[in-house]
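One structure below.
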Amino acid sequence: MRTPSDQPDHAYPDHWEADVVLRDGGTARIRPITPDDAERLVSFYEQVSDESKYYRFFAPYPRLSAKDVHRFTHHDYVDRVGLAATVGDDFIATVRYDRIDDRGHPASAPADEAEVAFLVQDAHQGRGVASALLEHIAAVARERDIRRFAAEVLPANSKMIKVFTDAGYTQKRSFEDGAVRLHLDLEPTDRSLAVQRAREQRAEARSVQRLLAPGSVAVIGAGRTPGGVGRTVLRNLLDAGYTGRTYAVNGALPEGRSEMDGVPAFRSVGEIGEPVDLAIVAVPAERVPEVLADCGEHGVQGLVVLSAGYAEQGAAGRERQRELVRRARSYGMRVIGPNAFGVINTASGVRLNASLAPHPPAQGRIGLFTQSGAIGIALLSGLHRRGAGLSSFVSAGNRADVSGNDILQYWYDDPDTDVALMYLESIGNPRKFTRLARRTAAVKPVVVVQGARHDGSAPPGHAVPVTRIPYATVSALLRQAGVIRVDTVTELVDAGLLLAGQPLPAGPRVAILGNSESLGLLTYDACLTEGLRPLRPRDLTTAATPQDFRAALSEALRDDACDAVVVTAIPWVGDNGVTESGDGEVLAAALRAASATAPAKPVLVVHVEMGALADALAAATSTAPPPPGPGTPHPAPAGTPHPASAGAADPAPTAPTGTPHPARTGPAAPAAPAPAAPADSAPEAGVTPGPRESRIPAYPAAERAARALAEAVRYAQWRRQAAEPGRVPHYEGIDEAGAAAQIERALGEGDGVGERGVTLDSAATGELLRRYGIDVRPALAAPTPDAAVRAAGHLGYPVALKTTAPHLRHRPDLGGVRLDLATEEQLRTAYAELTHTLGKPEELQPVVQPMAPRGVDTVVRAALDPAVGAVLSFGLAGAPSELLGDTAHRLVPATERDVAEQIRSIRTAPLLFGWRGSDPVDTSALEELLLRVSRLVDDHPEIVAIGLEPVVVAPRGLSVLGATVRLAPPPARTDLGPRRLPSY
1132 MRTPSDQPDH
1142 AYPDHWEADV
1152 VLRDGGTARI
1162 RPITPDDAER
1172 LVSFYEQVSD
1182 ESKYYRFFAP
1192 YPRLSAKDVH
1202 RFTHHDYVDR
1212 VGLAATVGDD
1222 FIATVRYDRI
1232 DDRGHPASAP
1242 ADEAEVAFLV
1252 QDAHQGRGVA
1262 SALLEHIAAV
1272 ARERDIRRFA
1282 AEVLPANSKM
1292 IKVFTDAGYT
1302 QKRSFEDGAV
1312 RLHLDLEPTD
1322 RSLAVQRARE
1332 QRAEARSVQR
1342 LLAPGSVAVI
1352 GAGRTPGGVG
1362 RTVLRNLLDA
1372 GYTGRTYAVN
1382 GALPEGRSEM
1392 DGVPAFRSVG
1402 EIGEPVDLAI
1412 VAVPAERVPE
1422 VLADCGEHGV
1432 QGLVVLSAGY
1442 AEQGAAGRER
1452 QRELVRRARS
1462 YGMRVIGPNA
1472 FGVINTASGV
1482 RLNASLAPHP
1492 PAQGRIGLFT
1502 QSGAIGIALL
1512 SGLHRRGAGL
1522 SSFVSAGNRA
1532 DVSGNDILQY
1542 WYDDPDTDVA
1552 LMYLESIGNP
1562 RKFTRLARRT
1572 AAVKPVVVVQ
1582 GARHDGSAPP
1592 GHAVPVTRIP
1602 YATVSALLRQ
1612 AGVIRVDTVT
1622 ELVDAGLLLA
1632 GQPLPAGPRV
1642 AILGNSESLG
1652 LLTYDACLTE
1662 GLRPLRPRDL
1672 TTAATPQDFR
1682 AALSEALRDD
1692 ACDAVVVTAI
1702 PWVGDNGVTE
1712 SGDGEVLAAA
1722 LRAASATAPA
1732 KPVLVVHVEM
1742 GALADALAAA
1752 TSTAPPPPGP
1762 GTPHPAPAGT
1772 PHPASAGAAD
1782 PAPTAPTGTP
1792 HPARTGPAAP
1802 AAPAPAAPAD
1812 SAPEAGVTPG
1822 PRESRIPAYP
1832 AAERAARALA
1842 EAVRYAQWRR
1852 QAAEPGRVPH
1862 YEGIDEAGAA
1872 AQIERALGEG
1882 DGVGERGVTL
1892 DSAATGELLR
1902 RYGIDVRPAL
1912 AAPTPDAAVR
1922 AAGHLGYPVA
1932 LKTTAPHLRH
1942 RPDLGGVRLD
1952 LATEEQLRTA
1962 YAELTHTLGK
1972 PEELQPVVQP
1982 MAPRGVDTVV
1992 RAALDPAVGA
2002 VLSFGLAGAP
2012 SELLGDTAHR
2022 LVPATERDVA
2032 EQIRSIRTAP
2042 LLFGWRGSDP
2052 VDTSALEELL
2062 LRVSRLVDDH
2072 PEIVAIGLEP
2082 VVVAPRGLSV
2092 LGATVRLAPP
2102 PARTDLGPRR
2112 LPSY
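The C-terminal residue of the sequence shown carries number 2115 in the numbering used here, and the numbering is unbroken.
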């Protein structure tokens, strides 16, 4: 943080500092300009061309005067603000605003307009620097109650005009006195947010691409003798056939030695004398800072830090890790690691194995990201053993900079990746991860297994914000976003193999056939357990030949009554009683031949002690037709292209920049390596990829096959529904303004409202909910028997008498509720029983409430978590939700489809739909209640918690019998602000 040498009107706003990723994948730091920046400003201005100076000042302006320098470096951070984008310690761009009145003269608040101007060094134009600065200066202006920007631009300055017009803000444009006059409304719009996120995706994807497809690599810390981490990585790079330039760097290299393992060797990066794109750092942690400076000063674009000794070793290591990332970003570099295992890119034009994995995986269509080197080794081994190839692999270690979010941005439109597998031990930004996962899952499967799920079990090296949302809730939200969430790394591989090698199933109907009746029945049971709809197994008997399997599988695939086929196989028993596994290759060939006749249906194999069959299936030898292009009928929906990013020199996001691969409709990996496309290339819209290999996945247990197939079925269903996600309905009579005023008064009147906020009393709670059409049944206090009788007389019999003490609330099992009290005598008797059994009235806090129609008791809640956002929860009241955790969650704002699925997704949902002859309840009324609660929380982020319990849902209508609302100042919405890299 920089502190001005002469104190301005307001303290230095260090929260305006941010690291951003630019369009080309490099990074820059944005920060306020201070008086200490005078020399930097002068140096920066000297490097700007005369043309750019003319565009800025509308006249020749070769140098800044002392008065100019003072004006451009002294700000009050309210009416006059300047921001700079820096790389290293140098300015590369500046932006400033000056508050003006309606005549264009300098002004102070309450004037809400400001004049804004940019200047970008010529060498950095076209990198999206001005677009990033506009986002940040607009956020600063809004914070200072400025609502509009005005700008004058010369007509010839088309790049700057484009920065404004492409930003997505509501704007007006006019031509006055030879200049284009622009007025921008700074209130974010759907379009401005879409533009911002499209730019973010393109920039972050590009930053990962620079790490995975470098033109040159330097291994820093390669030992002078074989062995050791650095020398191992160097050897792996060479053995993989890396196509770029490779260098070895060792600071202790003896005089006269200029090569290592056949590649040029140097003492430092600076001695190489040629550009280096990626540096693999394998030196002790205490030497990393000097290596980082050497790399940064000589234009290295990214680092993979294998070195340990950072946040995993405590507070000192955590600070060392923060400094590593801060310094790397200041030079424009991204960092994978520290404590990383490395990266792999199998593209034939790259063939990068910059990792400690001795055997790089085969080329394939699966992308793999892990936060653990040990798990990465296990997953690479498991995928290799089962014949699966990878497109890319990233083991991020402590994920201090590059994280799973960045990798998702890259995979989203990576033409070489069809399936994304992720092992996560922490999610630094769950809100962003959920958003990115939803978008990626709409075009390709995302499979996630999460370690360290329990409180306090996060790896010490992962310095990420703590979320109060339980793991079960996060898991449910990931599923809502289309993520295939599995529990083990074995299931991760099982699901990945099926999704990469077979098409998505059109439904849950499963045909089962094989040469063992018992194994068929086990498979049948496993399918039922996973919610599939298996058909009666077909027993081919133990005498079945490979041709019998082929004929039976072909017949099953032609059957319109099934959506997938599971083949079961056991070893043959010969005439002499000796068990034989048969010729696995022959059976595998028969199954592949049959599968090729119906490439739109997935086929799985369950085998017992038939390793030869599994091995043969793992080595695919046949190709299937390419995936259908747009408009081709198929059970799985085609992928949709992402919007283009809009930058200073790019068109507005109206056309796709690349078309992600559609759903897997055929086999997974190319039959032979194809020439790699250029690093920036993407498939053109409408271009159909070539044929790819098909692998039939084999599983040694029926349960594993059924689980993988069930995940594919659920994902395919989500894909079909994601094409029409539903809508957030509009309800008449909602008093949003009145609710906002009531909330503002409650927070203003709260005595010392802190982080936990203030809980509204029952009257205020009822008033707030009524503004959104939610009625709470009145409950009158009954501190004495006579008061209870008066309350019942006011409300009308029959009534309920219940305690509201915190330790008894919502606990009917403890006897704190008496129902259907139809007379005064019954009420007095119930009152006496309660106070005699449970305690004094002042302890029980009894209330009287009118009886509601009989129905099913449910609970509706919403809570706001800073990391995840607002979450809507639903379950049955009492033991199902509290003891068994049978609760469904959805992100706010929820759509009609969301809530319909939500109430049907809990295990106890049959109780709502006429279980055992009972009357079905009014689920339409329940869905409307959930939508109204969602709307209330979405409109007013100050509502940090709301609970409706119980909500009695009757055959007609429902009754809310209890409600609580807690208010607090809302947490900052980082996802709505300007783009910035996280800082942990």
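Cβ coordinates follow ideal geometry from the N, Cα and C atoms, glycine included.
Predicted, not measured: the structure shown is a model, and the values here were computed from it.
{"Item": "With alanine 2040 as the anchor, note down where its alpha helix (DSSP H) starts and where it stops.", "Value": "Counting along the chain, alanine 2040 falls outside any alpha helix (DSSP H), and DSSP gives it neither H nor E."}
{"Item": "Would you mind working out which of Ala2010, Ser1522 and Val1360 sits nearest alanine 1413, comparing C-alpha positions?", "Value": "Val1360"}
{"Item": "Would you please verify whether the beta carbon of proline 1415 is less than 8 Å from any beta carbon of chain D?", "Value": "Here there is only one protein chain, and chain D is not present."}
{"Item": "What is the DSSP secondary structure of aspartate 1321, reduced to helix, strand or coil?", "Value": "helix"}
{"Item": "Exposed or buried, what is threonine 1968 when buried is set at 16 or more other beta-carbons lying within 10 Å of its beta-carbon?", "Value": "exposed"}
{"Item": "Tell me whether lysine 1290 sits in a helix, a strand or coil according to DSSP, three-state version.", "Value": "helix"}
{"Item": "Taking only runs that begin and end inside the segment 1397-1481, name each unbroken alpha helix (DSSP H) of 4 or more residues, in chain order.", "Value": "1419-1428 and 1446-1461"}
{"Item": "DSSP three-state label for valine 2023, please.", "Value": "coil"}
{"Item": "Measuring alpha carbon to alpha carbon, tell me which residue in Ala1724, Leu1608, Leu1899 and Asp1694 is nearest arginine 1681.", "Value": "Ala1724"}
{"Item": "Expressed to the nearest angstrom, what Euclidean distance is found between the alpha-carbon atoms of tyrosine 1441 and arginine 1453?", "Value": "9 Å"}
{"Item": "By DSSP's criteria, glutamine 2033 is part of a beta bridge. Which residues make up the other side?", "Value": "Glutamine 2033 pairs with nothing; no bridge assigned."}
{"Item": "Let me know the alpha helix (DSSP H) ranges lying completely inside the segment 1173-1244, each 4 residues or longer, listed in chain order.", "Value": "1181-1188 and 1197-1204"}
{"Item": "What residue range does the beta strand (DSSP E) around histidine 1738 cover?", "Value": "1734-1738"}
{"Item": "Relative to the C-alpha of aspartate 1547, which residue among Phe1564, Gly1535 and Ser1522 is closest?", "Value": "Ser1522"}
{"Item": "Quick one: any contact between the segment 1826-1844 and the segment 1733-1746, if contact means 3 or more CB pairs under 8 Å?", "Value": "yes"}
{"Item": "Quick one: grab the DSSP three-state call for asparagine 1484.", "Value": "strand"}
{"Item": "Taking 6 Å as the limit between beta carbons, can you name the residues of its chain near leucine 2003, skipping five residues before and five after?", "Value": "Ala1993, Arg2021, Val2023, Ala2025 and Ser2065"}
{"Item": "DSSP on serine 1726, reduced to helix/strand/coil?", "Value": "helix"}
{"Item": "With isoleucine 1508 as the anchor, note down where its alpha helix (DSSP H) starts and where it stops.", "Value": "1504-1516"}
{"Item": "Got a sec? Which residues, its chain only, sit under 6 Å from alanine 1749 by beta carbon, not counting five neighbours each side?", "Value": "Arg1517 and Gly1518"}
{"Item": "Let me check understanding here. Comparing Cα to Cα, which of His1925, Thr1654 and Ala1215 lies closest to leucine 1250?", "Value": "Ala1215"}
{"Item": "Look at serine 1174 and aspartate 1220 and say whether their C-beta atoms are less than 8 Å apart.", "Value": "no"}
{"Item": "Whole-angstrom Cβ separation of proline 1639 and arginine 1664, contact assumed at under 8 Å?", "Value": "5 Å"}
{"Item": "Would you call threonine 1896 buried or exposed, if buried means 16 or more other Cβ atoms sit within 10 Å of its Cβ?", "Value": "buried"}
{"Item": "For lysine 1563, report the span of its alpha helix (DSSP H) as first-last.", "Value": "1561-1572"}
{"Item": "Kindly indicate which three-state DSSP category glycine 1627 falls into: helix, strand or coil?", "Value": "helix"}
{"Item": "When you compare only the Cα positions, how much space is there between valine 1978 and leucine 1911?", "Value": "5 Å"}
{"Item": "Under the assumption that isoleucine 1615 contacts proline 1668 (Cβ atoms under 8 Å), give the Cβ distance between them as a whole number of angstroms.", "Value": "Not really, about 26 Å apart at Cβ, beyond 8 Å."}
{"Item": "For leucine 1688, which option in Thr1728, Pro1677 and Thr1660 has the closest C-alpha, if you only look at C-alpha atoms?", "Value": "Thr1728"}
{"Item": "Taking all protein chains shown into account, do 16 or more other C-beta atoms lie within 10 angstroms of the C-beta of arginine 1227, making it buried, or fewer, making it exposed?", "Value": "buried"}
{"Item": "Glycine 2016 by DSSP, collapsed to three states: which one?", "Value": "coil"}
{"Item": "Would you call phenylalanine 1397 buried or exposed, if buried means 16 or more other Cβ atoms sit within 10 Å of its Cβ?", "Value": "buried"}
{"Item": "Would you kindly work out how many angstroms separate the C-alpha atoms of alanine 1505 and glutamate 1863, rounded to a whole number?", "Value": "56 Å"}
{"Item": "Over the uninterrupted beta strand (DSSP E) stretch that includes glutamine 1494, give me the two end residues.", "Value": "1494-1501"}
{"Item": "Quick one: is lysine 1198 buried, meaning 16 or more other Cβ sit within 10 Å of its Cβ, or exposed?", "Value": "exposed"}
{"Item": "Can we say the segment 1372-1385 touches the segment 1349-1357, given the rule of at least three CB pairs closer than 8 Å?", "Value": "yes"}
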